[in-house]
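Numbering (our numbering), first residue to last: 1 to 295.
Everything below concerns the one structure shown next.
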Amino acid sequence: MVQWLGYRDSSEEAPVRLRGQYRKALSSLHQLASFQPPQQVQIPSQGTIEHHRALIQLASCHYALGEYRLACEKVLEVVSGLVPQAPSPSRTGDEVVKTRTKSRKGSDLRLLPCTSKAVMPFCLQLMLACFKLRAFTENRDDLALGHVVVLLQHDWPQGETLFLKAVDKICQQGSFQYENFFNYVTNIDMLEEFAYLRTTEGGKVQLELLPNQGILIKNPSPALGLVSQEFNTLLLPGVQTTERHHTVTRGITKGVKEDFRLAMERQVSRCGENLLTVLHRFCINEKIILVQSLP
């Protein structure tokens, strides 16, 4: 479903022929998608499922052709028709290994059931694949980099290495602007890292993360005052999220501006929110800016 790579050809004409297959597939899929209009219902009908299937395949073809904006448009159209599911228990290590070893070396074929539970993660991963190509170029693109940070929350901590790469890029820049940060970033590890960047030890990176119309710093709970104390304790591996809510403190020191401190305190209280709901809201509310961020 991702790339439909059914064969390999070492000849010079192979990329051209493969691209031609994607173009041919796009033509057929556009016709299929036009015959299956989406239906706004809680329980998807067969027509809705087939429409989503066609859109996902369209997005996959556009991505394979390097048409990332079109791929993102199709993915967001799918997400708009989904209802976020409650998070399921994490799979065991054995299950993950079994899933990963099914595909042959060099292939990228994934077979997924066309359900909200399976489709939503796929859409988020495809969006991440589009934005990370833009975020880590030599040219600075804070917007794309911010989108990557938001999307990396899904399937955490698998994306931790890429997140640390994003942090390194921000440190090299010396500043970072992403005003939607406090609307959609609720991962406790990410919050800690960004709080640390504001400190002297973290490099005093200039962060512009507060939205123009912030609702996050209104009426902070007195119970969150613990977070504003100056702690030097780093997060210990294996500590549960509920036990770590007031350990996001490396950057919440008296050297940090009050508005940032209050926003971070408020954000810590959101760490228990359903992440898929947060990311679904991100896709819906920021649809226009997400599409415009891609070439």
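Where is the CB? At the ideal position from N, CA and C, for every residue including glycine.
It should be emphasised that the depicted structure is a prediction, and the values quoted were computed from it without experimental measurement.
Helix, strand or coil at residue i [DSSP, three-state]
| i | result |
| --- | --- |
| residue 136 | coil |
| residue 117 | helix |
| residue 177 | strand |
| residue 210 | coil |
| residue 26 | helix |
| residue 205 | coil |
| residue 287 | helix |
| residue 147 | helix |
| residue 270 | coil |
| residue 183 | helix |
| residue 169 | helix |
| residue 293 | coil |
| residue 59 | helix |
| residue 75 | helix |
| residue 67 | coil |
| residue 155 | coil |
| residue 161 | helix |
| residue 277 | helix |
| residue 261 | helix |
| residue 53 | helix |
| residue 195 | helix |
Contact under 8 Å by Cβ, residue i with residue j
| i | j | result |
| --- | --- | --- |
| residue 56 | residue 78 | yes |
| residue 178 | residue 203 | no |
| residue 162 | residue 117 | no |
| residue 127 | residue 72 | yes |
| residue 205 | residue 197 | yes |
| residue 75 | residue 114 | no |
| residue 65 | residue 22 | yes |
| residue 182 | residue 292 | no |
| residue 283 | residue 188 | no |
| residue 264 | residue 195 | yes |
| residue 290 | residue 153 | no |
| residue 81 | residue 52 | yes |
| residue 85 | residue 276 | yes |
| residue 68 | residue 294 | yes |
| residue 176 | residue 207 | yes |
| residue 286 | residue 180 | yes |
Buried/exposed call for residue i, threshold 16 Cβ in 10 Å
| i | result |
| --- | --- |
| residue 159 | buried |
| residue 54 | buried |
| residue 151 | buried |
| residue 138 | exposed |
| residue 273 | exposed |
| residue 60 | buried |
| residue 170 | buried |
| residue 262 | buried |
| residue 258 | exposed |
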